[in-house]
């Protein structure tokens with residue numbers, strides 16, 4: 076019984092770790108894209124005004 080519970084907890088933990096990694100990677104990519112586009116827009120505004 077304990078071995079089965081240990082195994083199940085390990086599988087759940089591994090699955091959650093994978094999910095957490097994927098979500099974290101996605102958020103990092105989206106945040107990087109957002110900042111990059113914001114900086115590009117700021118550069119265009121700055122260059123057209125000065």
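Numbering (our numbering), first residue to last: 76 to 125. Think of the CB as a built atom: it goes at the ideal place given N, C-alpha and C, for glycine as much as any other residue. Since the structure is predicted, the reported quantities are computational estimates derived from the model, not experimental observations.
Under the three-state DSSP convention, the category residue i falls into
| i | result |
| --- | --- |
| residue 109 | helix |
| residue 125 | coil |
| residue 91 | helix |
Residue i versus residue j - alpha carbon distance
| i | j | result |
| --- | --- | --- |
| residue 77 | residue 84 | 10 Å |
| residue 127 | residue 98 | Outside the displayed range of the chain (76 to 125) lies residue 127, so it cannot be described from this structure. |
| residue 112 | residue 80 | 48 Å |
| residue 125 | residue 118 | 11 Å |
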